[in-house]
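Have a look at the structure below before the remarks.
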Amino acid sequence: MLTVVTPAVTGDLTVLATVKAELGIQGSAEDAYLSSLICQASGMLAAFCGRPSFGTERLRQVERLERPRDAILLKRNLQPRVLSVAEDGTVLPTSVYELSGALLYRLEADHRVPWVADRKIEITYDSGYDLLTGLPHDLERACLEVIKATYHARARDPLLRSESVEGIGASAWLDPRTGMEALPPQAAALAAPYRAWAL
Numbered sequence: 695m696l697t698v699v700t701p702a703v704t705g706d707l708t709v710l711a712t713v714k715a716e717l718g719i720q721g722s723a724e725d726a727y728l729s730s731l732i733c734q735a736s737g738m739l740a741a742f743c744g745r746p747s748f749g750t751e752r753l754r755q756v757e758r759l760e761r762p763r764d765a766i767l768l769k770r771n772l773q774p775r776v777l778s779v780a781e782d783g784t785v786l787p788t789s790v791y792e793l794s795g796a797l798l799y800r801l802e803a804d805h806r807v808p809w810v811a812d813r814k815i816e817i818t819y820d821s822g823y824d825l826l827t828g829l830p831h832d833l834e835r836a837c838l839e840v841i842k843a844t845y846h847a848r849a850r851d852p853l854l855r856s857e858s859v860e861g862i863g864a865s866a867w868l869d870p871r872t873g874m875e876a877l878p879p880q881a882a883a884l885a886a887p888y889r890a891w892a893l
C-alpha cells in the first residue's frame with residue numbers, strides 16, 4: 695500500500711520564461727495559453743512515463759511480509775530518500791537498513807539479511823526531483839519539444855501527419871484511437887529513460 699503524504703508542489707517541467715525564450719515570444723498576451731501548455735505537456739510526459747508526477751513527493755509505503763524477502767522494492771524510484779523505517783510499529787535505527795537504488799535492505803552486523811516474515815514494514819520516504827533545480831535537463835527539453843509542437847500546430851489539423859502535392863496529392867493521417875503518436879518523436883526519445891517499468 696502506497697500513500698502520498700505530501701504531494702508535489704508542482705508538476706511543471708519548465709517555466710514560462712523559458713518557453714517564451716524558446717518560442718521567441720515577447721510580451722504577455724499569450725502567457726495564460728503558454729502556462730496551460732506547460733501544464734498539459736508536463737502531464738503528457740508524466741503519463742507517457744507511467745508516473746503521477748516528476749516532482750518530489752513524500753510517501754508512506756506499507757509492506758506486510760508473508761515470507762522472508764531479500765529486499766523491499768520502493769514503488770517510487772526517482773531519487774528515493776528514506777526518512778524512516780518502522781517494523782511492527784517500532785522505528786528502526788538507520789544502522790539496520792540501507793537503500794541501494796530503489797531496493798531497501800535489512801542489515802545485521804553490517805551484513806545484508808532477509809526481512810523477516812509476518813512483519814509489517816512501514817517506510818516513509820521522498821521520491822522525485824526538486825522542480826526545477828534538480829530536474830534532469832533532458833526532461834525539460836522533452837517538455838519544451840511537446841510545447842513547441844503543440845504551439846506551432848495550432849493552425850493545422852492535428853491528425854494530419856504528412857501531405858504531398860507532387861503530381862497528385864497524398865495525405866497521411868494519424869489514428870486518433872491510439873496515443874502512440876501523441877508525443878513528438880524527439881520528446882518521446884528524451885523521456886524514454888524515465889519510464890516506469892512494471893516488474
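Numbering-wise, the sequence shown is residues 695 to 893 according to the numbering used here.
Just so you know, even glycine gets a beta-carbon here, dropped at the ideal spot from N, CA and C.
Cut-off 8 Å between Cβ atoms - residues of its own chain near residue i, not counting five sequence neighbours on either side
i: PRO808; result: PRO762, ARG763, ASP764 and ARG800
i: LYS769; result: LEU696, LEU753 and GLN755
i: CYS733; result: GLY705 and ASP706
i: LEU884; result: ASP832, LEU833, ARG835, ALA836 and GLU839
Opposing strand residues paired with residue i [DSSP bridges]
i: THR818; result: ARG754 and SER778
i: ARG806; result: LEU801
i: THR794; result: This sequence places Ser at residue 794; Thr is not what is there. Paired residue(s): LEU797.
i: VAL785; result: ALA780
i: ARG813; result: LEU759
i: LEU767; result: LEU797
i: GLY749; result: TYR823
Spatial distance of residue i from residue j (CA atoms)
i: ARG752; j: MET695; result: 14 Å
i: ILE719; j: LEU707; result: 19 Å
i: LEU798; j: ALA726; result: 43 Å
i: LEU868; j: LEU829; result: Note that LEU868 scores 48 on pLDDT, short of 50, meaning its location in the model is unreliable; the coordinates nonetheless yield the value given after this. Rounded to the nearest angstrom, the two C-alpha atoms are 32 Å apart.
i: GLU760; j: ILE841; result: 47 Å
i: ILE817; j: THR788; result: 12 Å
i: ALA740; j: ARG889; result: 9 Å
i: SER722; j: THR700; result: 33 Å
i: GLU724; j: ARG813; result: 55 Å
i: ARG848; j: MET738; result: 17 Å
i: GLU802; j: VAL810; result: 12 Å
i: PHE742; j: TYR845; result: 20 Å
i: ALA796; j: PRO774; result: 7 Å
The alpha helix (DSSP H) enclosing residue i, as first and last residue numbers
i: THR712; result: 710–717
i: SER736; result: 725–742
i: ALA883; result: 879–885
i: VAL840; result: 831–846
Beta-carbon contacts of residue i that lie in its chain and below 7 Å, excluding the five residues immediately before and after
i: LEU728; result: LEU710, VAL713 and LYS714
i: GLN880; result: GLU839
i: ALA843; result: PRO878
i: SER757; result: Here the sequence assigns Glu to residue 757, which means Ser is not the residue at that position. Result list for GLU757: ILE766 and ILE815, in chain order.
i: GLY744; result: ARG889 and ALA890
Residue span of the beta strand (DSSP E) that contains residue i, given as start and end
i: VAL698; result: 696–700
i: GLU802; result: 797–802
Proximal residues to residue i (C-beta, below 6 Å), its chain only, five neighbours per side dropped
i: GLY772; result: Checking the sequence, you will find Leu at residue 772 rather than Gly. So the list reads SER821 and GLY822, once near-sequence residues are dropped.
i: VAL635; result: Here the chain covers residues 695 to 893 and nothing more, so residue 635 does not appear.
i: LEU826; result: none
i: ASP824; result: THR750
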